[in-house]
Amino acid sequence: MATSPAIKFGVHIPSLRQRKLGTEGFISYASWTNTSHGALLQWSRSARLEVRIGGGSGQILTPFSVSAKEFRDVCTEFEFSQLFLEKLVAKAALFEHQFNFSGFSGAGKQPTHLEIAMAVYENDAFLCLLRYDIEQRTAKCLVFVKEVDYLKHTPLEPCVLSSWLDENEEILQRHPLMILNVILRLIQFRAHEYVRWRMQLYNMESRLGVTRDADTLMRSGYAEVCYDFGILNADVAGLAKSVADTKLSASTILAHTKSLQRLIGICEECEVLSAPDQVPLPRLSTSEQREELEATITRAELYLGHIEMVQGGVLQSLTAVLYNRISKQENQSVKAISVVALVFVPPAFVSAVFSTGIFDFHATEPKDQPRTVSKYGWIYLLACVVCEGITLLLWVCWHRWIRVWWENLEFLKMHSPSLEGKHMRKRASKEL
Numbered sequence: 000m001a002t003s004p005a006i007k008f009g010v011h012i013p014s015l016r017q018r019k020l021g022t023e024g025f026i027s028y029a030s031w032t033n034t035s036h037g038a039l040l041q042w043s044r045s046a047r048l049e050v051r052i053g054g055g056s057g058q059i060l061t062p063f064s065v066s067a068k069e070f071r072d073v074c075t076e077f078e079f080s081q082l083f084l085e086k087l088v089a090k091a092a093l094f095e096h097q098f099n100f101s102g103f104s105g106a107g108k109q110p111t112h113l114e115i116a117m118a119v120y121e122n123d124a125f126l127c128l129l130r131y132d133i134e135q136r137t138a139k140c141l142v143f144v145k146e147v148d149y150l151k152h153t154p155l156e157p158c159v160l161s162s163w164l165d166e167n168e169e170i171l172q173r174h175p176l177m178i179l180n181v182i183l184r185l186i187q188f189r190a191h192e193y194v195r196w197r198m199q200l201y202n203m204e205s206r207l208g209v210t211r212d213a214d215t216l217m218r219s220g221y222a223e224v225c226y227d228f229g230i231l232n233a234d235v236a237g238l239a240k241s242v243a244d245t246k247l248s249a250s251t252i253l254a255h256t257k258s259l260q261r262l263i264g265i266c267e268e269c270e271v272l273s274a275p276d277q278v279p280l281p282r283l284s285t286s287e288q289r290e291e292l293e294a295t296i297t298r299a300e301l302y303l304g305h306i307e308m309v310q311g312g313v314l315q316s317l318t319a320v321l322y323n324r325i326s327k328q329e330n331q332s333v334k335a336i337s338v339v340a341l342v343f344v345p346p347a348f349v350s351a352v353f354s355t356g357i358f359d360f361h362a363t364e365p366k367d368q369p370r371t372v373s374k375y376g377w378i379y380l381l382a383c384v385v386c387e388g389i390t391l392l393l394w395v396c397w398h399r400w401i402r403v404w405w406e407n408l409e410f411l412k413m414h415s416p417s418l419e420g421k422h423m424r425k426r427a428s429k430e431l
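Counting from 0, one number per residue, gives the positions in the sequence shown under numbering that gives the first Met the number 0.
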């Protein structure tokens with residue numbers, strides 16, 4: 000019986016039929032910490048909002064800072080519905096929501112609670128579960144943040160998120176549901192680094208040696224020209240992956256914010272309709288929550304435009320330049336070999352001519368005592384030197400002038416089909 004490669008090397012990867020779905024699938028697929036009592040940081044500055052913050056992303060190297068049992072206990076305490084928990088997916092970008100209705104959810108029935116699951120797994124990864132009471136305007140939120148990532152210079156710890164919530168305490172007291180937008184803003188401020196990518200591109204340009212500002216870049220502390228194409232190729236590929244992950248993060252945040260904007264609009268309408276003894280007000284064209292979300296969307300779109308420029312324009316050009324340098328070095332090697340071979344071509348030609356017997360330099364010598372080198376050997380040497388000089392002169396002229404003239408002539412043929420004959424050659428010579 001054949002053994003799968005995953006089991007052979009000690010790693011068990013369950014098939015699609017073996018994987019569990021829903022809550023149990025999420026818990027079994029994610030990684031958890033066994034000894035994690037008291038690992039959740041509690042943040043509460045208002046009776047309307049309760050936040051618990053943990054570390055980890057559920058991945059193998061960064062497990063959640065709580066055990067699976069504690070996770071179930073918190074979900075039970077926050078009263079997350081089973082239908083909502085069934086939608087959770089581990090280790091993947093996620094945005095799921097569930098409106099809860101009290102009793103029969105018939106036509107005209109307003110929802111009483113909103114549950115949202117939101118996750119990002121590029122750059123600063125996080126998982127957020129929120130339950131919002133539309134009638135009481137209170138929220139309970141469970142957040143896990145990934146502390147380390149290969150793109151980040153500083154770790155995202157639970158205390159960092161707690162400090163960020165303190166800075167946004169005022170808007171959270173007015174609108175508890177904006178906790179989700181506040182988290183997205185934190186990820187934006189940490190991940191949207193314009194200067195970093197400019198420095199990365201300048202450094203790569205300096206290492207490739209293809210910029211006219213090489214002296215200025217080196218004086219500013221950028222790397223010198225690198226001639227190890229293997230390392231350059233790996234660095235360009237690594238930079239491309241980093242840019243792609245950053246672009247995916249910005250796109251995910253943009254999609255999350257747009258979805259959140261729609262849900263908040265629904266909640267605002269429900270809050271107005273559920274207010275007791277209050278005359279329904281006309282629908283407002285804007286609100287504080289919508290404007291905050293619109294600002295988050297604008298930041299994401301601006302950063303996406305910058306990343307697309309880095310990825311689609313500059314980075315592709317740098318990759319082409321790297322391949323051009325590799326090709327140019329190979330061409331130089333071929334040219335060097337050609338020049339070395341060119342040195343031996345004229346003497347070989349002269350030797351072939353003299354070996355035909357047309358010229359017999361030993362005719363005046365005694366047949367019983369011929370000399371190895373005839374006294375007319377200088378004619379052979381002179382012919383070799385003259386042919387060698389003419390060959391090298393023609394090669395230099397071709398490389399320096401004739402080749403450029405020929406290329407200009409070909410360009411003129413493409414761009415000026417009306418020019419023919421000597422007029423075209425005259426114009427090419429003038430431009431040369």
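The beta carbon of each residue, even a glycine, is placed where N, CA and C say it ideally should be. Computed from a predicted model, the values in this text were never measured in an experiment.
Apart from the 5 residues on each side of it in sequence, V224 sits with its Cβ closer than 6 Å to the Cβ of G208 in its chain, given in chain order. Uninterrupted beta strand (DSSP E) stretches at least 3 residues long and entirely within the stretch 132-205 occur at 137-144, given in chain order.
Beta-bridge partners assigned by DSSP to G54: V144.
Nearest Cα to V159 within the set I170, L171 and E146: E146.
The beta carbon of H305 is closer than 7 Å to those of Y193 in its chain, skipping five residues each way along the sequence. Pairing L183 with H255 gives a Cβ-Cβ distance under 8 Å. Pairing P346 with T390 gives a Cβ-Cβ distance that is not under 8 Å. The three-state reading of DSSP puts Q41 in strand, counting E and B together. Residue range G376 to C396 is occupied by the alpha helix (DSSP H) that includes V385. Put simply, the backbone Cα of L93 is about 42 Å away from that of S219. Per DSSP, E95 is one residue of the beta strand (DSSP E) stretching across L93 to N99.
Of Q288, L321, I336 and H174, the smallest CA-CA separation from A46 is found for H174. If you compare the alpha carbons of N99, F188, M198 and Q187 with that of L314, the shortest gap goes to M198. In the DSSP assignment, V73 falls within the unbroken alpha helix (DSSP H) covering A67 to E76.
Ranked by Cα distance from V65, the first of F143, L150 and I178 is F143. Measuring C-alpha to C-alpha distances from I170 to each of M203, K257, R71 and E291 identifies E291 as the nearest. Of the residues A138, E204, N323 and D165, the one whose Cα lies closest to the Cα of E76 is A138. In this structure, L231 places its C-beta atom within 8 Å of the C-beta atom of R206.
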